[in-house]
Structure formats: C-alpha cells, structure tokens
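Taking this note's numbering as reference, the numbering of the sequence shown is continuous, increasing by one, and the terminal residue is 92.
Ideal Cβ placement from N, Cα and C applies to all residues, glycine included.
Working notes, structure below.
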Amino acid sequence: MSPTLGQGYSCSRCCPRCGSGRLKPPIQRGALGCLLAIFGGQILHCRECRLRRAWLGYTSIPIGQTNATSSAVAAAATAFVAGFVMILRSAR
C-alpha cells in the first residue's frame, strides 16, 4: 500500500523514508544514471528529506551508505532485472 498525500491523493512513486511524492531527477546524470536509463530506470531525489534512490519502474533501490547485506541484495536484483531486460530485447 503506497503512502497517501493530502486530500486522498496517492502517489505511484513515493519516498520510502518520508512518504512524499515530491521526487525530482538530479541536475547532472553520472555513469549510474546513464546505465539505469538504458534499462528504463532513473535516480530521483526527495525534495522533502533529500533521500536519493534509484528507481526501476515503481521499485526503489538504495544508493549510497547502506549496510552490506542490503547492498548485495540490491545489486543482485538489479543485475537480474538488467539481464532479464537484455534477454527480452534480444528475443525481438
């Protein structure tokens, strides 16, 4: 269930930390941003709490300072999704 905004509106992409729907892309896109763009993802910053996350569809992936376990799981999930997308693209 996604967090709701005021007056009964719900957001499809909300900040996992504060629940705000005010997400924006960074001004400059680095190597990670370019790689995510190839697979249909992007990096977004929350305007309320300044959390930075990578997004693939409606799924957010932590970036930066996290514990080793969540980083490994996020890296494995990202690699799996990227590989799956590559397989689907080559099947056409």
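Integer Cβ distance of residue i from residue j, believed to fall under 8 Å
i	j	result
residue 44	residue 24	6 Å
residue 47	residue 22	4 Å
Rounded straight-line distance, which links the Cα of residue j to that of residue i
i	j	result
residue 39	residue 82	6 Å
residue 89	residue 12	26 Å
residue 41	residue 78	10 Å
residue 86	residue 63	23 Å
residue 34	residue 59	18 Å
residue 19	residue 37	24 Å
residue 91	residue 80	17 Å
residue 72	residue 31	19 Å
residue 26	residue 84	27 Å
C-beta contact flag for residue i and residue j at 8 Å
i	j	result
residue 74	residue 61	yes
residue 51	residue 29	no
residue 49	residue 15	yes
DSSP beta-bridge partners of residue i
i	result
residue 23	46
residue 56	41, 59
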